[in-house]
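Sequential numbering from 0 applies to the sequence shown in numbering that gives the first Met the number 0.
Each residue gets a CB set at the ideal place from its N, CA and C atoms; glycine is no exception.
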Amino acid sequence: MAFPELATDRIRLRPISHADLTFVFEHFSDLDVGKYLLDDDPLTSLEQAQAIIDFYVSPDAQSYNRWIVERKADHRPIGTCGYHKWNRRDHKAEIGYDLSPFAWGQGYMSEAFERIIAFGFGDMDLNRIEAIVHPENAASLKLLERHGFVREGLLREALCRDGVYYDHWLLSLLRREWPARGPVGAAS
Ligand SMILES: CC(C)(COP(=O)(O)OP(=O)(O)OC[C@H]1O[C@@H](n2cnc3c(N)ncnc32)[C@H](O)[C@@H]1OP(=O)(O)O)[C@@H](O)C(=O)NCCC(=O)NCCS
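Now the structure itself:
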C-alpha cells in the first residue's frame, strides 16, 4: 500500500522525498529534537540525512513510512511523523513523531495525530497502535494520553545511549478505544 498525502486544517502530511534533504538534516541534527529519541543519535552529516530518506523512499520500506509535516500557511516543514514496524498479521504498528522546536506548543502534532490515527485504524486496518517513550518526555506522554493512549508498562533499560540504559514507557491505543469521530480535515 502506498502512503498518500493527507491534510488537516493547518497542515499537510506529505510522504518524505529527496527534496527534503536540508530539512531532514537540520531537523534531526537539532539536539532538542533528539533529546529523547534514543534509538537514533542526532545527525552530524548530510549523508546520514540522505540515508534516512533513502530508507523511507525505498520500495522495501513497506513496514515503515514517514510523512513530512508541512504548515499550510507558509509551506514550511515543521516536523515528521509516521508508522514503524507495521505488522499486518497482528494489525499493529508503532507511531513516531517529532516537531521542530519553533512549532512546539501550538497543537500541530495533536492535529496530525487525529489524522494519522484515523488513517491507521481505517486505511491500514490497524487494531493496535504502540508508542515507546522516554519517561522524562513529558510533552510526548501528554500528547499520547490526550489521544487516549494507555501506559501498559515500563520497559526496563530498553534503550542505551552513551553507555547508559534508559527505561521507556510502552503505551498503546486500540481501535475499539478510538472514538468514532472520523478524520479531522479533509484528505487530499
Ligand atoms: C512530542 C512533541 C511532538 C509534542 O509537541 P507539542 O507541541 O507539545 O504537541 P502538540 O502539537 O499536541 O501541542 C500541544 C500544545 O499545543 C497547544 N494547542 C493545542 N491546540 C492548539 C491550537 N489550535 N493552537 C495553539 N495551541 C494549541 C496545547 O494547549 C498544548 O500546549 P500545552 O502542552 O502547553 O498544554 C514535541 O515535544 C517534540 O517534537 N519533541 C521532540 C521529539 C520527540 O520527543 N518526539 C516523541 C518521541 S516519543
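State buried or exposed for residue i, treating a residue as buried only when at least 16 other CB atoms are found within 10 Å of its CB.
i	result
ARG13	buried
MET0	exposed
PHE202	Here the chain comprises residues numbered 0 to 187, so residue 202 is not present and cannot be evaluated.
GLY181	Any answer about GLY181 is weak, because its pLDDT of 47 lies below 50 and its placement is not dependable; what the coordinates show is given next. When all chains shown are included, GLY181 counts as exposed.
HIS133	buried
CYS80	buried
GLY119	buried
ALA137	exposed
Can you find the residues in the same chain that come closer than 7 Å, C-beta to C-beta, to residue i, ignoring five residues on each side of it along the sequence?
i	result
ASP124	HIS90
ARG88	none
GLY147	LEU172, GLU176, TRP177
ARG11	GLU4, GLU69, LYS71
SER62	LYS84, TRP85
Report the three-state DSSP secondary structure of residue i (helix, strand or coil).
i	result
TYR107	helix
PRO134	coil
ILE94	strand
GLY162	coil
GLY119	helix
GLU129	strand
ALA18	helix
PRO100	helix
ARG88	coil
SER62	coil
Check each candidate in the options and name the one with the smallest Cα separation from residue i.
i	options	result
GLN105	ILE77, PHE2, LEU140	ILE77
ILE52	ARG155, LEU30, TYR165, HIS26	HIS26
TYR55	ASN126, SER16, ILE10	SER16
ALA92	ALA50, LEU30, ILE115	ILE115
SER99	LEU20, ILE10, ASP31, ILE128	ASP31
ARG174	GLY162, TYR164, ASP122, ARG160	ASP122
ALA50	ASP19, ARG150, GLU156	ASP19
CYS159	TYR82, ASP40, ASP8	ASP40
LEU45	TYR96, ASN126, PHE22, LEU36	PHE22
Please list, in chain order, all residues of the same chain as residue i whose beta carbon is under 6 Å from its beta carbon, the five residues on each side excluded.
i	result
LEU154	HIS167, LEU169
SER139	VAL132
PHE2	PRO14, ASN64
ALA157	HIS167
TYR96	CYS80, MET108
For residue i, which residues in the same chain have their Cβ closer than 8 Å to its Cβ, ignoring the five residues on either side in sequence?
i	result
THR43	SER28
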